[in-house]
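Heads up: the structure comes next, in C-alpha cells.
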Amino acid sequence: MFKKFKSLLISGVAAAVVLSTFAMPVDAAARKGFDKNKVGGNLVFSTFADATRLTPGTTSDAVSNRLQGMMFDGLVSTDIKNNIIPSLATSWKIENNTKRYTFNLRKDVKFHDGKPLTAHDVVFTFQMLLHKDSINPYKGSISMIDKVTAKDNYTVVFDLKDPSPLFLYTVGYAIIPKHKFPNGVKSFNDSSFHRNPVGSGPFKFKEWKTAQRVVLTANTSYWDGRPYMNQVTMKILPDANVEVVNLLKYQVDFVESINPKSVATVQKNKNLRIVKYDQGRYDYIGLNQKDPLFADMKVRQALSYGLNRPAIVNTILLKNAQLASGPIHPMEAPYNKNVKPLAYDVKKANDLLDDAGWKMGSSGYREKNGKVMEITLTYNNGNKVREDIAKIAQQDWKKIGVKTTIRSYDFSIWLEKIDAGEVTAHVSAWSLGTNPDKYGLWHSSQYPSNNNQAVKDARVDQIMEAFRKEPNAAKRNALYQELHKILNDKAYSLWLHHPKGFAGMHKDLAGVQFSLYSRYFNIPDWYWKDPKKRK
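FYI, the numbering for the sequence shown is -23 to -1, 1 to 512, going by mature numbering (1 follows the signal peptide of the UniProt record, and there is no 0).
In C-alpha cells:
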C-alpha cells in the first residue's frame, strides 16, 4: 500500500509518539506489493475551483494542497489509520522531554530536476515557513519551533521552545528545493515556482492552464516506486453539475464529490460506480468578529437558533449528514457527545436579537440606531450546495428580521476577500488534516491567517497552548472537549453539519482507497483494470 503523501496539518488524534527512537529499514526498490503489470494509462479527475499556488506552505485551500501533496514529500507521513510512518526520514530520535527531534534522511531522494534532497533543503523549508514575512498561513502550527539545524547532509535537528509530544504530526510539511529560491523569502512569496513547481514526490509538474487544467506526470524514478498512472490531469469545470455531465460522458474518470441529488443519475450508468464515504470535514457559516455585528455573541447565537439546519440536511443533502456542534468530527477522539447543536428556535432567536438592541422595524427588518440589520452572505462560484444553504439562511433569517444579501465569487478571489476581512459571512467547509493541534485555527494570535473569523477568547487560547504541551492523551482529549463546548455555546461559527461524501468514478478504476482526511490518499496506487486503458 502506498503511504499517505499529503502534508500533515490540522487534526486527527493518535498516540504514535510515545517512542523515543524509531527506525525502519530502507528499501530503495519498488514499494511493497508493486505490480508492474498495472503500470500505464492516464487519469482525469475534476474540480470546479482552480488552484491558487503550487508552492507548499503558501496556501490553505484544498485544491492547491491536494496537488502539492502529489508532487512533494514530507519528513514523515501517515498511514490510512493516521499512524506516523517514515517518508523522507527513515528514522528519528526524541530527546529532552520532547523538545528535541532528530531526523535521519534517506540518501537516495532527488528532486524532479535531478538535484539531491538534503538536510539543507529541510532547514531552508522551515526557515521559509517560519519567516515573519512569509505568506505561510500555518505559522501558528509550527510556532513551537525554536531552531532547525543540519547536523550533516542527511541529519536534521529540530529544537523546540516547549515540550511538544505531538510534533511528529506537525513536522510533515512538504520539503521544497533551496536552490529554486535564490532570493529567500521574497522568492518564496512571489515566484515563478508557484506555477512551475519542482518537488520530490510521486508525480511531476507538467503544465497549468488557468481555469482549464493542471497536468502531472509520473515520477518514474520515485524513491518509493513509480505511480501506476503515467499522467494525472485535474480538469477545472464551471460547477458541480458540469462535473457530473463530464463523468457521464466519460470525459473525466473520477469526481470526488457528487451532489446527493445527482447520485441516482450516476448510478444508472452501468460503466460508473458511486462510493459513499465519511468526508472528514465540517461545513459552517463563518462570521468575522472584527465586524461589530458579529462581535456580539447574542447576535451570533440568534443567527444560529434562527437557522433551520435540519432542513438543510434533509432537503439539500437528502439526510446524508450529521448535524455539527463544533469543529471536532464525531470520528475524532476528543469529540464531545454531550455538546448538542443549538436547536432551531425562532422565538429564542427573536428574544436574543431583542436583548441585543435590534428591534423590529416597520420594513419587516430589525433596526438599531437607525441602521437596518443586514448581512452579506457569500460562497464560491459553482458550489450548488453552498448556494442552496445560503438561500435557506436568507429565508430563515428574514423570519427573524435579518436582511440577507447573497453574493458569490470565483474561488481564489473569495479566499482573498475572506482573509482580508472584506467578506465577513461565508458558507464554507474545513477539511480535517492529520494533525490534532488546532492552534492555527482558533488561537487569537492566528488572525488574520487561518483564524479568519477573528475569534479572540482567553480560555480558548489557554486550551490551545496547554493542548500542544500535554503528554497525556486523555488530558488532551478533555481539553478539546471543553474547546468543543465553548465554540458551540458562544456560536463562534454557525456549525452546520458533517456531510457524507459520494465519489463518482469509472467502474474500471481500481486501487482506490479513502481515508478520513483525503480522497486521494493513495492515488499512486490507482490503476486501470482493463489493459486497453493502460496503453
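All C-beta atoms, glycine included, are put in the ideal place defined by N, C-alpha and C.
Helix, strand or coil: how does DSSP classify N173 here?
-> In this structure, N173 counts as coil in the three-state DSSP scheme.
Sequence-distant residues of the same chain with beta carbon closer than 7 angstroms to G398, five excluded per side | Once the five neighbours on either side are set aside, the close Cβ partners of G398 are N265, K267, P425.
With a threshold of 16 other CB atoms inside 10 Å of the CB of Y227, please say whether the residue is buried or exposed.
-> It counts as exposed.
Are L295 and K238 close, meaning C-beta to C-beta below 8 angstroms?
-> Going by beta carbons, L295 and K238 fall inside the 8 angstroms limit.
Could you tell me which of L31, I62, F144, N59 sits nearest to I71, measuring between CA atoms?
-> Relative to I71, the option among L31, I62, F144, N59 whose CA is nearest is F144.
Check L392 in the structure and name its three-state DSSP category.
-> It is helical.
Whose C-beta lies closer than 6 angstroms to the C-beta of Y312 among residues of the same chain, with five residues either side of it excluded?
-> Excluding residues within five positions, the ones whose Cβ falls inside 6 angstroms are I305.
Roughly how far, in whole angstroms, is the beta-carbon of D414 from the beta-carbon of F444, given that I think they are within contact range, below 8 angstroms?
-> Between D414 and F444 a beta carbon distance of about 7 angstroms is seen, short of the 8 angstroms cut, so the two are scored as contacting.
Apart from the five residues on each side of it in sequence, which residues of its chain come closer than 6 angstroms, Cβ to Cβ, to F101?
-> These residues qualify, in order along the chain: K155.
Out of curiosity, what's the CA-to-CA distance linking T418 and N428?
-> Going by the sequence as given, residue 418 is Leu instead of Thr. Distance between the alpha carbons of L418 and N428: 5 angstroms.
Identify which residue in W472, E220, P114, L329 has its Cα closest to the Cα of S23.
-> Nearest option by C-alpha distance: E220.
Any chance you could list the beta strand (DSSP E) runs of at least 3 consecutive residues sitting entirely within the region 54 to 86, in chain order?
-> For the region 54 to 86, whole beta strand (DSSP E) runs of length 3 or above, ordered along the chain, are 61 to 63, 66 to 72, 77 to 82.
Those runs of the alpha helix (DSSP H) which lie wholly inside the region 392 to 477 and span at least 4 residues | Along the region 392 to 477, the alpha helix (DSSP H) occurs as fully enclosed runs of 4 or more residues at 416 to 419, 435 to 444, 450 to 466, listed in sequence order.
Taking all protein chains shown into account, do 16 or more other C-beta atoms lie within 10 angstroms of the C-beta of E184, making it buried, or fewer, making it exposed?
-> Its Cβ having fewer than 16 others within 10 Å, E184 is exposed.
According to DSSP, which residues form a beta bridge with G263?
-> Looking at the DSSP assignment, G263 forms a beta bridge with H403, S470.
Which residues in the same chain have their Cβ closer than 6 angstroms to the Cβ of V40, if we skip the five residues on either side of it in sequence?
-> Cβ neighbours of V40 beyond the five flanking positions: T24, A26, A28.
Are the CB atoms of K380 and M350 nearer to each other than 8 angstroms?
-> A contact, by the Cβ cut-off of 8 angstroms.
Rounded Cβ spacing between F170 and A480 (contact assumed at less than 8 angstroms) = About 31 angstroms separates the two Cβ atoms, so there is no contact after all.
Are there three or more Cβ pairs, one per stretch, closer than 8 angstroms when the region 174 to 194 is compared with the region 123 to 138?
-> Verdict: no, contact absent.
Leaving out five residues on either side along the sequence, give the residues of the same chain with a beta carbon under 8 angstroms from the beta carbon of D507.
-> D485.
Cβ shell of K92 (< 7 angstroms), same chain only, five flanking positions each side left out = Contacts found: P154, H156.
Buried or exposed: V252, going by 16 or more other Cβ atoms within 10 Å of its Cβ?
-> Classification of V252: exposed, given that the 10 Å Cβ count is below 16.
Beta-carbon gap between L82 and Y146 smaller than 8 angstroms = No, the Cβ-Cβ distance between L82 and Y146 is not below 8 angstroms.
Roughly how far, in whole angstroms, is the beta-carbon of M211 from the beta-carbon of G18, given that I think they are within contact range, below 8 angstroms?
-> In fact, because the Cβ distance is near 16 angstroms, the residues do not count as touching under 8 angstroms.
Candidates H108, A431, R363, P269: which alpha carbon is nearest N166's?
-> For N166, the nearest C-alpha among the options comes from H108.
What alpha helix (DSSP H) runs, 4 residues minimum, are completely inside the region 201 to 227?
-> 217 to 225, all fully within the region 201 to 227.
Going by beta carbon distance, what residues of the same chain come within less than 8 angstroms of A320, once the five residues before and after it are set aside?
-> Y282, listed in sequence order.
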